[in-house]
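Here is the structure we will look at.
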Amino acid sequence: MRKFTGKIADRVGLPPGVLVYTGERVTEEARIDIIRYNGDSFEEKTAKSVDECLVLEKRTDVTWINVSGIHQVENLQNLGECFNIHPLILEDILSTDQRPKLEDLDDYLFILVKALDYDETSQGVILEQVCMGVGPNYVLSFQERETGLFRPIVERLKSGRGRLRRMGADYLAYALLDMVVDHYFVVLEQLGERIEILEEELIGRPSTPSVQMVHRLRREMILFRKSVWPLREVIGTLGRQESPLVRESTVIYLRDVHDHTVQIIDTIETFRDMLTSMLDLYLSSMSNRLNAVMKVLTIIATIFMPLTFIAGIYGMNFRYMPELEWVWGYPAVLLVMLLIALTMLASFKAKKWL
Amino acid sequence: MRKFTGKIADRVGLPPGVLVYTGERVTEEARIDIIRYNGDSFEEKTAKSVDECLVLEKRTDVTWINVSGIHQVENLQNLGECFNIHPLILEDILSTDQRPKLEDLDDYLFILVKALDYDETSQGVILEQVCMGVGPNYVLSFQERETGLFRPIVERLKSGRGRLRRMGADYLAYALLDMVVDHYFVVLEQLGERIEILEEELIGRPSTPSVQMVHRLRREMILFRKSVWPLREVIGTLGRQESPLVRESTVIYLRDVHDHTVQIIDTIETFRDMLTSMLDLYLSSMSNRLNAVMKVLTIIATIFMPLTFIAGIYGMNFRYMPELEWVWGYPAVLLVMLLIALTMLASFKAKKWL
Amino acid sequence: MRKFTGKIADRVGLPPGVLVYTGERVTEEARIDIIRYNGDSFEEKTAKSVDECLVLEKRTDVTWINVSGIHQVENLQNLGECFNIHPLILEDILSTDQRPKLEDLDDYLFILVKALDYDETSQGVILEQVCMGVGPNYVLSFQERETGLFRPIVERLKSGRGRLRRMGADYLAYALLDMVVDHYFVVLEQLGERIEILEEELIGRPSTPSVQMVHRLRREMILFRKSVWPLREVIGTLGRQESPLVRESTVIYLRDVHDHTVQIIDTIETFRDMLTSMLDLYLSSMSNRLNAVMKVLTIIATIFMPLTFIAGIYGMNFRYMPELEWVWGYPAVLLVMLLIALTMLASFKAKKWL
Amino acid sequence: MRKFTGKIADRVGLPPGVLVYTGERVTEEARIDIIRYNGDSFEEKTAKSVDECLVLEKRTDVTWINVSGIHQVENLQNLGECFNIHPLILEDILSTDQRPKLEDLDDYLFILVKALDYDETSQGVILEQVCMGVGPNYVLSFQERETGLFRPIVERLKSGRGRLRRMGADYLAYALLDMVVDHYFVVLEQLGERIEILEEELIGRPSTPSVQMVHRLRREMILFRKSVWPLREVIGTLGRQESPLVRESTVIYLRDVHDHTVQIIDTIETFRDMLTSMLDLYLSSMSNRLNAVMKVLTIIATIFMPLTFIAGIYGMNFRYMPELEWVWGYPAVLLVMLLIALTMLASFKAKKWL
Amino acid sequence: MRKFTGKIADRVGLPPGVLVYTGERVTEEARIDIIRYNGDSFEEKTAKSVDECLVLEKRTDVTWINVSGIHQVENLQNLGECFNIHPLILEDILSTDQRPKLEDLDDYLFILVKALDYDETSQGVILEQVCMGVGPNYVLSFQERETGLFRPIVERLKSGRGRLRRMGADYLAYALLDMVVDHYFVVLEQLGERIEILEEELIGRPSTPSVQMVHRLRREMILFRKSVWPLREVIGTLGRQESPLVRESTVIYLRDVHDHTVQIIDTIETFRDMLTSMLDLYLSSMSNRLNAVMKVLTIIATIFMPLTFIAGIYGMNFRYMPELEWVWGYPAVLLVMLLIALTMLASFKAKKWL
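Residue numbers (our numbering), protein chains in the order written: chain A, 1453 to 1806; chain B, 1453 to 1806; chain C, 1453 to 1806; chain D, 1453 to 1806; chain E, 1453 to 1806.
Below, the structure is given as structure tokens:
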């Protein structure tokens, strides 16, 4: 449930801009990667604190500072001063339950997105907040914990292949966004597989656990949707190139990520529709089964109750019961019983219960 | 139910601008706090009536008059004359069942919002109407009862820390709004916790009281939504800075509250979806249980009815029943019964009922 | 059902502008009130026909002609000629099943709204169509029957208190609209009370009549919504002051009615959501009850069927049944039966059915 | 079902503009009515083929050619050449499963609408496609079969009463549209009556046929909605007078039809909501009844199973059963049975099952 | 399920523009058809690789290159270089799970649509991605596999009839789009027929397989909708003629396809509504049947349980049971039993259970 509300309540009453970390308490130390590159050179270093963060010189180099672990508030404060970041933005970075959003602050763009991961163990979706500050020649990125999410991009930069090294900070920001969005597909595929398995189960052998699984998947979908839905607008706005920080050459790439986001939202809606349809299917088959069960019971009862009653009659101990003395009494009663049973069966046949 | 309709009907037929208090009758006296501050000084006093309300001098001081308890209509009338407030606005303040709204009356802005609180005793949401008049250098705020809601802001003003003391009336209005919106998160967290507990209950041990609780939570959500939904537009309009009363420096803060409002609406919708999903889950498990119960009944009946019938046959008192005389009659019947029971069990196994 | 379709079908094929009354046949005679006032004077007279309707002189007086009962088509025709009203508008006045609408015909505004009333006897909402023609210094109002709806406004005019007497025809039109909208609150409060009572009933003691009441209330809500929904736009358009017939001073009052309309729509939606939620609650508790009932049945059957079968066995009349001769046979069987019963009860306990 | 898809699939792969009739095969011959009128004169003639169709002379006369039966493709082709109609438009006329639409082709307007009729025999809605070409001084109208739909308009033209004869082709087109829309009210009234009857049935005596009727009515509503929904936009666009072919004097009449269309859509939505509510009511009462039935069963079983068991015990043939020898054994057992029965009844009373 | 997510996850982390085929592995070789035509001449050739693809000379000829089978990435790369196609576009062609979209790249338009086919064997809808690049005098089309989809257009070109040969590349693109959309009607008709059959089944003889079929059809509809919905916008944008590549004469044809698309979406929504209504119908009849079954059971049990109990009483072996000795005891008991049975039946009659 934490996924849905978060701990914003903790900071109620504090003035705006006071930095309080509202995520889960992490004990590992934060890790800061500083990467500097241009078309020709590439330089990477890892720092434990932000003191090592170099003053930004006026060069064509692109600087990417990736902060993994935001619970050390002093790091953020230093970076904030160094890059002149508005206190409200720093507050947003620390509040890990924000909605995806884009803020254009003239000097830099602030982008907040949700990275998703599928956890095999708990079979659930894990949510991670990723923030980016995109300036003319720098990108700051903030993650809650150290994940390997952006490692492939570092590798691509290091290798120098592709256009990544030759393009500016806006293209790097695009690459990071693209990586986040691509991961949604991975999560979606996992969820899709589980839905598929569940559907087969529900058709073959409906059971309570499968309905609880439908419920859980619906919850995951609600969560997923909440994380991706506002992203569409964020990337859409970016792609409309209203900020001079986004170069025209990057726009077509942003439109591509935008298409992916729309496609993901489409698929989420599709999954939600399917889960609803599966639930309907489940309820229908439950109702159907109940009917089948009740028919069996009714048929049995309807046949044997009258027969048992007849047997009960001739089990009475009245002194004067002429039938009991008849030689053919017993076979006659058995015959009557058989006739009754057959009549009943025939009437069930007529009602199509058999 | 009072929450939904209110007593507006009481004033049907009265001409507009006639002041009638439509909230609950309160007996406590109203309390009026008058606060005056600028960057350097801070002054606070509490009055019982509005007569002590000072004439507003042309100074850079900001005056904040906080009225707790609006059932004393004469106070409102005096304030209204003093600050030149339109009678329809005064009427709105007194009608405690208004929708959140913003009116731009050139001289001042009128903002009406709903403060929410979670009542532990009744486990329900309590609604309080908060109105604000925001002029160039004054803020009037009106609450239905004396709550501690705005106390932290008074403290922040008194302490002189932060930018609150140095900013104008518009920033104070923002701070009040922010306080109201921040309290939504507290309420949301409480509701979220109850939903979480309920969900576990519904999965583990579905019962009528839990369904009634789902119903009550849905009602709370409907109420919550009704209170917050229009607020989004109110704050959105404020943030677009169409009034000269809102300074540019305050706009970014208003946008921040706006984001929070959107986030709250998102979460409310998420909760509503989850409650619906929980109800579906409940109905499915009920249906499933009924099936299970009926299967037990049907199995028992299907096995014992034929057997009891056979026993009944040999309990009949016909004189001529050859089987009764056989030495192996009794064990033979028992064997037949056993065979029938086993056949039945096998057929249930085949139907996967066991 | 009449409420939903009306008798428009009666006039199919007639050319437009042919006046046919499509409401219910009323036998009472129409009543025409002619009121003339300005800041200083007030004059009221009641006419049986429109012949007495005075020619409108160019004066600052406001003339209000209120027609109660529109089944006398000739009255309308005369008024139409006198005030130069378009035949299509007259047709609209006569078709009592129109949607609320606003037509700006340059010379005058035509406003059509639905007045609602709550009928205690039938416990249902009664619908009345109210039309208004608003010219520069006159207001024509048309009601289906003579109701006291506008009486309080006549009284306010007569008394000369408030600003009503001093303002123009547009303000009078506003006052009439406000009266209609205020009555919605009365109806809403009645419906709200019934919903509240119903909710308590459904939680305490669900029954078929309460579900039928939910259904009826939903119907009323559908009807209510249909009548109010388009009104929002009508009043919104009026308030945007696009017509020179609406003075600027009246606009703030129109915005106030607009807010009320929005609030009513909000409340209707809230009620609809609540009725849906109540139905879900009802279905859940029905399902729950069925489970409870079936458990009782199953427990009884599962305990007594095997026991009765055992009794049946020893009731068989086989000659050779050794157990029957044992001295301890009877108590032993009773003991076995007791053990079986206890085992069954224990297994139900384990299944949490008890 | 044909109503929903049609036979467009028949022409897959053909080049556009190839004329293939896709409606039902009709054997009657087409009928062509040619009407020519102006303020003073009126002339009507019926032709079997389009050869008789006169060349349009430049006169103030309005020519109305009404083609009933479009399966004779050559007629259409001739008319198409004569009036210079685009092949795609001719194709639209022949494809009888189009959506209502408006095409502005500069020289003429093409309007496609759906005429509805209620068929008493099948108790269903019949759909007829009506197309119109509206030029500066001619109207072409195409119907699938000869229906009396437009007869009243011919009569009105012939009689010369009203403004129809004095107005232009655009007014004639309006009159035709109005006739089509007025017929919707007739159908709606029939459906409304059936819904009303059904509702009473469902409240009084719910049965399977009534639910099937609800289903059928929902189907009709879906169909109805599909036919009317796009019409709103069609007429709305016409009324915005964007084409010089629509004179200003006709606009107010078009707005009137537009209002009717909106009213019809409103009513359809209302009916759909009511049918949904009726289904909910049905399901609730079914669920309620099942409860009632099961309670009866459970009460009977719970009372008689223990009693029968006791009777069974004393029906056993053990040699040593002391109770059987007691003088008061029989009445004592009867008393015990009575006590058990009363206890059971009391407990049911306590559970409010009785 | 593959239909819903695809294998985009495979390429997570790759830089944009790297070409990886994400569809199913196909072993057949790709086939490339190169067609060249103008008003007078027509030339067709089939190539196995793109090397034979001719350099585009500046002529009025239209060149259409149709690639069936996109798994041979090198073909695409060559074509891409030859026609100067952006790497992201090539990537889109290869990712077979894209949403329909239109990209205007100044030099050419990129159109991506989904072709649907109905597979009789699996009774399901098959999805095929079709991409088009439309330049000033060429059209490139890409299909996943070799299907006969575009064969009729080749034939029309070859025959030289109609306007296809005389028009430009934009008209050819229209013809291809039209072919794709026309095929939707075929699929829709098949689905419509299955829905019709299903509906009759559900009304006549509801069963679990039919509900599963409803579920499957709903899935197909979700899929269908997902494929067609974005197409509306694609074709709408094309028809607005914002690109100079689309000639004015083609616009009316594009509007025609647009109408078809809207009609298809309408029909899909109609089908979805009907499937929902069918499910409701099913659930209602299930509920109804359960009631009927339970009534039979209850009636049987209520009649025979008391009777069997009475028979059981007189089957007891008490020594002192005076009734047993009476001469009329047996007939009297039979009479009492008959009376009880009749009373029960009468009460069921009164409850309308019979």
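Glycine is no exception: its CB is placed at the ideal position from the N, C-alpha and C atoms.
Tell me the DSSP secondary structure of residue i in three-state form.
i       : result
T1795/D : helix
I1541/E : helix
A1499/C : strand
Q1693/C : coil
Q1581/C : strand
V1779/C : coil
G1656/B : helix
Which residues bound the beta strand (DSSP E) around residue i?
i       : result
V1565/C : 1561-1571
M1619/D : Unbroken run through M1619/D: none, as it is neither H nor E.
T1515/A : 1514-1520
D1556/E : 1553-1556
R1699/E : Neither: R1699/E is in no beta strand (DSSP E) and is coded neither H nor E.
R1608/C : Premise fails: R1608/C lies in the alpha helix (DSSP H), 1603-1611, not in any beta strand (DSSP E).
F1594/D : 1590-1595
R1483/B : 1483-1489
With a threshold of 6 Å on Cβ separation, who are the neighbours of residue i within its own chain once the five nearest residues in sequence on each side are excluded?
i       : result
L1592/B : I1517, G1585
K1803/B : none
D1513/D : R1488, N1490
Looking only at its chain, what residues have a beta carbon closer than 7 Å to the beta carbon of residue i, apart from the 5 residues adjacent to it on each side?
i       : result
L1683/E : P1552, V1565, T1713
E1651/E : M1730
Measure the beta-carbon distance from residue i to residue j and round it to whole angstroms, keeping in mind my assumption that it falls under 8 Å.
i       : j       : result
F1594/C : I1545/C : 5 Å
N1589/A : G1614/A : At roughly 19 Å, the Cβ-Cβ gap does not stay under 8 Å, so N1589/A and G1614/A are not in contact.
Y1765/E : A1763/D : Sequence inspection shows Ile at residue 1765/E; the Tyr mentioned does not correspond to that position. Their Cβ separation, rounded to whole angstroms, is 5 Å, which keeps I1765/E and A1763/D in contact under 8 Å.
Y1772/D : F1770/E : Their Cβ separation, rounded to whole angstroms, is 15 Å, which puts Y1772/D and F1770/E out of contact at 8 Å.
V1686/D : Y1626/D : V1686/D to Y1626/D, Cβ: 12 Å. No contact.
Got a sec, what are the start and stop residues for the alpha helix (DSSP H) residue i sits in?
i       : result
F1535/C : 1525-1535
Using a Cβ-Cβ cutoff of less than 8 Å, which residues in the same chain neighbour residue i once the five nearest sequence positions on both sides are dropped?
i       : result
T1689/A : L1554
**Message:** Does the structure place the stretch 1770-1788 of chain E close enough to the stretch 1724-1731 of chain E that three or more beta carbon pairs sit under 8 Å?
**Reply:** no
**Given 8 Å, three or more beta-carbon pairs between the stretch 1606-1613 of chain A and the stretch 1536-1555 of chain A** = no
**Prompt:** Is the stretch 1670-1685 of chain B touching the stretch 1744-1756 of chain B, taking contact as three or more C-beta pairs under 8 Å?
**Reply:** no
**Asked** Three or more C-beta pairs closer than 8 Å, one from the stretch 1729-1743 of chain E and one from the stretch 1728-1740 of chain A: is that the case here?
**Response** yes
**Message:** Check whether the stretch 1573-1585 of chain C and the stretch 1692-1705 of chain C are in contact - that is, three or more C-beta pairs closer than 8 Å.
**Reply:** no
**Message:** Under 8 Å: do the stretch 1715-1722 of chain B and the stretch 1633-1640 of chain B share three or more Cβ pairs, one atom per stretch?
**Reply:** yes
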